[in-house]
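Just below is one structure, and these are the notes that go with it.
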Amino acid sequence: MKCLRAILRVKWQDRVPNSEILRRAKMTGMESLLMRNQLRWCGHLVRMESFRSLTSKRQHRKTRPKPSYDYTYDSNGNLYCASCNRTFKSKFGFASHARAHARRDQGMS
Ligand SMILES: [Zn+2]
Numbered sequence: 017m018k019c020l021r022a023i024l025r026v027k028w029q030d031r032v033p034n035s036e037i038l039r040r041a042k043m044t045g046m047e048s049l050l051m052r053n054q055l056r057w058c059g060h061l062v063r064m065e066s067f068r069s070l071t072s073k074r075q076h077r078k079t080r081p082k083p084s085y086d087y088t089y090d091s092n093g094n095l096y097c098a099s100c101n102r103t104f105k106s107k108f109g110f111a112s113h114a115r116a117h118a119r120r121d122q123g124m125s
């Protein structure tokens, strides 16, 4: 309010009420300004909801494609690479190796 009075060059001695200051400045007052901003934010959230919500993320995770490699086991039940016959102690190591093969194959062609 103090700023508006300064802008409109109204001194407190002029004894102009706040309502008149707001009218002259074509403003609706602090409370309604804040309310309008809150409403705007709510509208923003509601519009975002459809494609940014947790449920849509969860749905996206569900529909993620399966990894392109298959686990290959030898007769002893160990994981091994079909391309270079290397054996692995863990699925994790195998997966990493399989991805490396896929990258290399992509690079060649
Ligand atoms: Zn290999």
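Numbering of the sequence shown is given in my numbering, commencing with residue 17 and proceeding in unit increments.
Ideal Cβ placement from N, Cα and C applies to all residues, glycine included.
The structure presented is a predicted model; accordingly, all values stated were derived computationally and were not measured.
Would residue i and residue j be called neighbours here (beta carbons separated by less than 7 Å)?
{"i": "Arg25", "j": "Ile37", "result": "no"}
{"i": "Ser99", "j": "His117", "result": "yes"}
{"i": "Asn34", "j": "Met46", "result": "no"}
Count the other CB atoms, across all protein chains shown, that sit within 10 Å of the CB of residue i; report buried if there are 16 or more and exposed otherwise.
{"i": "Ala114", "result": "buried"}
{"i": "Leu95", "result": "buried"}
So residue i packs on residue j, CB below 8 Å; how close in whole Å?
{"i": "Tyr87", "j": "Phe110", "result": "7 Å"}
For residue i, which of the options has the nearest alpha-carbon?
{"i": "Tyr89", "options": "Asn101, Thr79 and Lys82", "result": "Asn101"}
{"i": "Asp121", "options": "Thr103, His76, Tyr85 and Phe104", "result": "Tyr85"}
{"i": "Met43", "options": "Gln54, Cys58 and Ile23", "result": "Ile23"}
Heavy atoms of ligand 1 versus C-beta positions, residues under 6 Å: Chain-ordered list of matching residues: Cys97, Ser99, Cys100, Arg102, His113 and His117.
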